[in-house]
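Position 8, counted from 1, in the sequence shown is what the UniProt record's numbering calls 8; the numbers after and before it change by one each time, with no gaps. Where a beta carbon is used, it is the ideal one built from N, C-alpha and C, also for glycine. On a predicted model such as this, the values are computed, not experimentally measured, just so you know.
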Amino acid sequence: MTASAKAEPAPFVRLTAVTKRFGTAAPALDAIEGVIMGGRITGLVGPDGAGKTTLIRLMTGLMLPDQGSVQVLDYDTRRNPGAIQAAIGYMPQRFGLYEDLSVQENLDLYADLRGLPKSERRRTFSELLEFTDLARFTTRLAGKLSGGMKQKLGLACALLRKPRLLLLDEPGVGVDPISRRDLWKMVENLTAEGIGVVWSTAYLEEAEACDHVFLLNQGRLLFSGPPQEMTGRVEDRVYRLSGIDGRRRERLARFLDHEGVVDGVIQGEAIRLVMKSGAVPPPLGKGDGTSSARAAVTPPRFEDAFVDMLGGGPGGRSRLAETQRTFAGDAGRPVIEARGLTKRFGDFTAADGITFDIPRGEIFGLLGPNGAGKSTTFKMLCGLLKPTAGEGRVAGFDLRRDAPEARNRLGYMAQKFSLYGDLSVIQNLNFFAGVYGLSGAKKRERIVLMTEIFDFRPIHDMSSKDLPLGLKQRLALACAVLHEPEVLFLDEPTSGVDPITRREFWTHINGLVEKGVTVLVTTHFMDEAEYCDRISLIYRGRSIALGSPDEMKARVASKDLPDPTMEDAFVALVEGSEAREAA
């Protein structure tokens with residue numbers, strides 16, 4: 001995704017010292033200044049809790065600033081909110097459509113709400129259904145759509161009366177790379193018509209596709225400008241270390257504790273490092289698995305610059321892993337096994353003959369578009385769904401006969417916050433310790449340890465539903481590992497959290513894997529897929545590719561695309577599968 005060059009458009013939004021508070025907490029927005037132009041994509045970029053949704057709601061006139069002013073299309077939000085709302089399109093963060101209505105019924109309802117004349121509806125519906133590729137699904141209930149299709153329907157409803165300004169609040173959350181690319185193409189076509197688009201996102205790679213970016217963190221504006229200007233701040237400071245033998249996770253942990261290293265991530269068989277200004281990569285000495293490694297400068301990413309601006313990542317030490325018991329042995333016996341796993345819901349086959357083995361101490365990724373069957377496969381392997389055919393085994397236990405025993409060996413972190421919102425942090429820890437069979441001194445010891453590792457003491461008595469997303473995810477992970485499981489099931493564990501929290505999570509996960517814990521993970525972050533030892537790419541219920549991230553990228557490399565990203569590989573492999581089915 002690259003934003004196309006466009007002529008300088010007219011100003012659509014003016015933000016002047018905009019401040020918004022909720023109660024006695026720190027400002028949700030703190031003196032935000034800026035101008036948003038028409039005819040281009042402006043990104044509101046930042047993690048959960050940065051202030052993105054608050055700023056978009058201020059632009060709609062649904063909320064007013066405590067201080068400062070917001071002008072939209074030359075109307076002040078305090079004096080003319082109705083005129084603004086008539087001229088803009090707004091797609092909220094949470095799916096705002098009616099799940100028990102069909103696609104067509106939602107369009108009819110929103111046409112009524114937007115006052116679209118009946119004489120214009122047939123043509124408008126036809127254009128929008130073609131634009132969003134939803135013409136085949138007009139009778140399907142909105143609740144039965146995949147995540148990407150829901151977002152397309154939301155976009156269609158926001159465009160029923162073509163707006164001058166379109167506000168999209170995190171349209172890419174939980175959406176696979178193919179659907180995200182489709183959404184971007186649609187939005188770029190709109191800006192070519194002069195429509196101004198504000199795209200809010202926590203995915204920092206999406207920032208690079210915008211024409212202009214407002215980077216927010218904890219209510220403050222850290223950067224405003226073209227994304228290339230931001231990435232340029234770490235130009236010539238980002239290195240790719242290739243040719244590393246053996247345990248690259250352990251190497252990364254040591255590199256992250258080197259004084260000159262700002263940030264580091266695994267990139268397939270390589271390691272990517274961001275260095276401080278003037279620093280060079282740590283020595284690649286003999287006898288430590290790096291003697292054949294090579295360090296080469298590589299193009300920076302927006303996320304590299306953001307992490308650098310925040311002062312760097314959390315380092316390479318995981319206290320969680322240091323306290324974890326070590327799992328070893330098994331003489332090569334797989335810890336997780338899928339043998340022809342199949343799940344049917346009536347006439348629909350959600351998973352069809354899924355087969356793979358995962359040995360001890362491996363991170364295995366399940367990737368696929370929304371609705372492809374990866375969540376169904378995931379749930380069968382952790383005992384939450386009974387397969388229609390085939391078998392699954394975890395830690396030697398058959399999931400059909402011995403599901404309770406298998407579940408006692410694993411820790412599970414659901415995609416959506418799965419803890420009890422009305423319970424406090426300490427109550428959740430106590431509850432899940434009991435669920436996993438901990439009692440007495442061992443239970444108290446593990447709860448105290450989780451409290452210290454994740455710094456829960458200041459929030460012990462807070463209801464978990466009131467926690468910021470990053471703390472919710474920390475609590476969910478803490479509850480999943482209370483009983484020191486030998487298998488971890490992680491369903492999109494870092495969706496929406498800030499880059500530093502993501503780094504912290506993967507530091508823990510990498511450390512646990514070094515102790516012999518086996519991890520099955522789903523993710524829509526393609527850079528996170530690079531942490532996996534192997535990946536199964538699932539599409540239309542079947543596994544269409546199985547291998548390491550580097551093997552998958554190599555499969556789609558070509559003269560025109562000599563160095564594909566993991567997202568490039570994802571898209572090309574799915575499109576190749578579609579082409580073979582159509583032939």
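Practice item. Identify the continuous alpha helix (DSSP H) that holds Met-566 and give its terminal residues. Key: Annotation: the continuous alpha helix (DSSP H) that includes Met-566 extends over 566 to 582.
Review point. Starting from Glu-337 and walking both ways along the beta strand (DSSP E), at which residues does that stretch end?
Key: Per DSSP, the unbroken beta strand (DSSP E) holding Glu-337 starts and ends at 336 to 345.
Practice item. Report the residue from Glu-504, Glu-337 and Phe-348 whose alpha carbon sits nearest the alpha carbon of Val-487. Key: When only C-alpha atoms are compared, the closest one is Glu-337.
Point to revise | Span separating the alpha-carbon of Asp-66 from that of Val-72 | key: Each residue's alpha carbon lies about 17 Å from the other.
Check your understanding: Buried or exposed: Leu-366, going by 16 or more other Cβ atoms within 10 Å of its Cβ?
Key -> Label assigned to Leu-366: buried.
Practice item. Out of Leu-477, Asp-461 and Lys-442, state which residue places its alpha-carbon closest to the alpha-carbon of Phe-454. Key: It is Leu-477.
Check your understanding: Where are the beta strand (DSSP E) runs, 3 residues long or more, that stay fully inside the segment 45 to 122, in chain order?
Key -> If we require 3 residues or more, the beta strand (DSSP E) runs fully inside the segment 45 to 122 come out as 67 to 72 and 88 to 91.
Check your understanding: If you follow the alpha helix (DSSP H) that Leu-320 is part of, which residue opens it and which one closes it?
Key -> Here the alpha helix (DSSP H) through Leu-320 covers 319 to 322.
Check your understanding: How do the segment 562 to 576 and the segment 378 to 395 stand: do at least 3 beta-carbon pairs fall below 8 Å, yes or no?
Key -> As far as the Cβ criterion goes, the segment 562 to 576 does not touch the segment 378 to 395, which means the pair count is below three.
**Study point:** Whole-Å CB distance - Glu-208 paired with Gln-93, under 8 Å assumed
**Key:** The pair is not a contact, with the Cβ atoms about 21 Å apart (cut-off 8 Å).
Practice item. In the DSSP assignment, find the beta strand (DSSP E) that holds Asp-357 and state where it starts and stops. Key: Where Asp-357 is concerned, the enclosing beta strand (DSSP E) starts and stops at 348 to 358.
Check your understanding: Looking only at its own chain, which residues have a Cβ that is under 8 Å from the Cβ of Ala-156, when we skip the five neighbours before and after it?
Key -> The residues are Leu-107, Leu-128, Leu-129, Phe-131, Thr-132 and Leu-134.
**Study point:** Those residues which DSSP pairs with Ile-41 across a bridge
**Key:** DSSP lists Val-197 as partners of Ile-41.
Check your understanding: What did DSSP end up calling Lys-152 once you bin it into helix, strand or coil?
Key -> Correct three-state label for Lys-152: helix.
Review point. For Thr-507, which of helix, strand or coil comes out of DSSP?
Key: Thr-507 sits in a helix when the DSSP states are folded into three classes.
Point to revise | Residues that Asn-408 bridges to, as DSSP identifies them | key: Paired residues: none, contrary to the question.
Check your understanding: How many Å lie between Thr-16 and Ile-36 at the Cα?
Key -> Each residue's Cα considered, the two are about 12 Å apart.
Review point. Under the rule that 16 or more other beta-carbon atoms within 10 Å means buried, what is Gln-267, buried or exposed?
Key: Gln-267 should be labelled buried.
Exercise for review: Note down, in chain order, each residue of its chain lying with its Cβ closer than 6 Å to the Cβ of Asp-357, except the 5 sequence neighbours on either side.
Suggested key: If we look at Asp-357 and ignore the five residues flanking it on each side, its Cβ neighbours are Pro-334 and Glu-337.
Practice item. Return the residue from the list Gln-104, Phe-223 and Arg-40 that minimises the CA-CA distance to Ile-32. Key: Closest option to Ile-32, Cα to Cα, is Phe-223.
Exercise for review: Excluding the 5 residues preceding and the 5 following Thr-326 in the sequence, name in chain order all residues of the same chain whose CB lies nearer than 7 Å to its CB.
Suggested key: Excluding sequence neighbours, Thr-326 sits near Lys-515 and Gly-516.
Point to revise | Cα-Cα separation between residue 599 and Ile-354, rounded to whole angstroms | key: Given a span of 1 to 583 for the chain in the structure shown, any question on residue 599 remains unanswerable.
Review point. What did DSSP end up calling Glu-229 once you bin it into helix, strand or coil?
Key: For Glu-229, the secondary structure class from DSSP, reduced to helix, strand or coil, is helix.
Practice item. Would you identify the three-state DSSP class for Thr-139, choosing helix, strand or coil? Key: Thr-139 falls in the coil class under three-state DSSP.
Practice item. Examine the Cβ distances between the segment 213 to 230 and the segment 172 to 186 and report whether three or more of them are shorter than 8 Å. Key: Verdict: no, contact absent.
Point to revise | Closest by C-alpha distance to Leu-469, when choosing among Leu-419, Ala-441, Glu-484 and Thr-451 | key: Distances from the CA of Leu-469 to each of Leu-419, Ala-441, Glu-484 and Thr-451 were compared; the closest alpha carbon is that of Leu-419.
Check your understanding: Using the beta-carbon count (16 or more within 10 Å), is Arg-79 buried or exposed?
Key -> The residue is exposed, with fewer than 16 neighbouring Cβ atoms inside 10 Å.
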